[in-house]
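The numbering used here numbers the first residue of the sequence shown as 184 and each following residue consecutively.
Positions of the beta carbon are idealized from the N, C-alpha and C atoms, including for glycine.
Since the structure is predicted, the reported quantities are computational estimates derived from the model, not experimental observations.
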Amino acid sequence: MACHFLRNGGVPLSQKLRVLGVNAHPHDFTWYSGTLGIHAASGDAVTVVSVTTGESAHNESLHDELMKPEAERDPAIVNQKPGDFSALKAKEMEEACAIFGITDVRNLGFPMPFKVAEYPESVRALREVILDVRPHIMITQSPFLNGHQGKTSGATDDHYETAFMSLEARSQAANPVFGDTEAPHAIATVYYPGVYFQNEEFDFVVDITDWFEKRVAAEDKYISQGHYPAWSRRRMEVSLGNVGWFAGTMYGEAFVREKPELVSRMTVAESDLRRASEPIGDYYGRIVGERPPAH
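Written out as structure tokens, the structure is:
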């Protein structure tokens, strides 16, 4: 099912949503940044958090230099300080967020590799963000340890650890603490980005066709990861196009719910109603971008 907005989670349509995105690394929010941009443009409050500095993530320049004979290596790259690289990643994240109209950008500053057991204070740090933002929706990394051919893996990484930490912070934010004057806050719903799931596992897809060029521009911002225009565009065409094709539109971002949605009646998305009576030729034209999106 394709839709244009995240579900309103029971919030009256006259009330603006507050959306919190929690990510392991500075680049991770981009997997659903088109959706965040749609909400920011409609007046919803959007906050993006990176748990780590990203200091050890996708340092492609350093990787390539270290692959060279020592005499041929660029000292400026090899001797770059972790703090300088982290500052660059933070700048890239802020600039990418700005493309989607997002100004509330936060970095919790934990090092990599990130393990909750080693940094238990991370739970409280995110709890404080939740109590400050008081979101209706939290989008976070998938906590499901999936492996090759459906086998369950016991290995974790920064993404899984961020998922575990964010769900624990969510639970702690909803409960009162002795000596704390802050009112508890329960998050209405949690979504996981569809990039971590198979297509048939998606709960819904947000049509971000109108935001495709912004997705490409955001991907281009991550020069520290070796991104360049041709790479950025092709990556978005393949990833967003695959989801869009599956959902019946040109480009889409998918989501999986933490749990089933409780509703008062069955509903049908307006986009599905339009598609039900849409001529096949118009449908084909929409898929290839010759006609406007169905939303």
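Name the two residues that bound the continuous beta strand (DSSP E) containing residue i.
i: A299; result: In the sequence on display, residue 299 carries Val and not Ala. Run containing V299: none; DSSP gives neither H nor E here.
i: S233; result: 228 to 235
i: A437; result: 435 to 440
i: L445; result: Note, L445: premise wrong, no beta strand (DSSP E); not H, not E.
i: L200; result: Looking at the DSSP string, L200 is not in any beta strand (DSSP E), and its letter there is neither H nor E.
i: L291; result: 287 to 293
i: M321; result: 320 to 322
Quick one: using the 10 Å Cβ neighbour count with 16 as the cut-off for buried, is residue i buried or exposed?
i: V229; result: buried
i: G266; result: exposed
i: E243; result: exposed
i: E253; result: exposed
i: A401; result: buried
i: L203; result: buried
i: G237; result: buried
i: M250; result: exposed
i: V231; result: buried
i: H410; result: buried
i: K264; result: exposed
i: S269; result: buried
i: I322; result: buried
Output the boundary residues of the alpha helix (DSSP H) element that contains residue i.
i: G464; result: 463 to 470
i: I260; result: 258 to 261
i: M419; result: 412 to 430
i: M348; result: 341 to 356
i: D247; result: 243 to 249
i: A452; result: Run containing A452: none; DSSP gives neither H nor E here.
i: G144; result: In the structure as shown, the chain starts at 184 and stops at 478, and residue 144 therefore has no counterpart that could be examined.
i: T218; result: 216 to 224
Can you list, in chain order, the residues of its chain whose CB lies under 8 angstroms from that of residue i, leaving out five sequence neighbours each side?
i: V306; result: V299, M348, E351, A352, Q355
i: V388; result: M184, A185, C186, G377, V426, G427, F429, A430, T432, G435, E436, A437, F438
Might you give, ordered along the chain, the residues of its own chain that have their beta carbon closer than 6 angstroms to the beta carbon of residue i, omitting 5 neighbours on each side?
i: H241; result: Q408
i: L482; result: Outside the shown range of the chain (184 to 478) lies residue 482, about which nothing can therefore be said.
i: Y405; result: H210, E275
i: Y375; result: S325, V439
i: H222; result: V202, V229
i: K199; result: G226, D227
Skipping 5 residues on each side, what residues in its chain have a beta carbon closer than 7 angstroms to that of residue i?
i: H342; result: A207, Q324
i: V399; result: S415, R416, M419
i: S225; result: none
i: A369; result: A357
i: D386; result: F438, V439, R440
For the ligand PLP, I want to know if residue i counts as a neighbour, meaning its beta carbon is within less than 8 angstroms of at least one of the ligand's heavy atoms.
i: A338; result: Ligands in the displayed structure: none, and consequently the ligand PLP is not present.
At least one CB of chain D closer than 9 angstroms to the CB of residue i: is that the case?
i: E383; result: The structure shown contains no chain D; it is built from a single protein chain.
What alpha helix (DSSP H) runs, 4 residues minimum, are completely inside the segment 366 to 405? 395 to 403, all fully within the segment 366 to 405.
With a cut-off of 8 angstroms, do at least 3 Cβ pairs link the segment 217 to 228 to the segment 391 to 398? Yes, the segment 217 to 228 is in contact with the segment 391 to 398.
Do three or more CB pairs link the segment 416 to 423 to the segment 468 to 475 at distances below 8 angstroms? A contact is defined here as three or more CB-CB pairs under 8 angstroms, and the segment 416 to 423 fails this definition with respect to the segment 468 to 475.
Given 8 angstroms as the limit, is there contact between the segment 245 to 258 and the segment 307 to 318, that is, 3 or more CB pairs closer than that? Verdict: no, contact absent.
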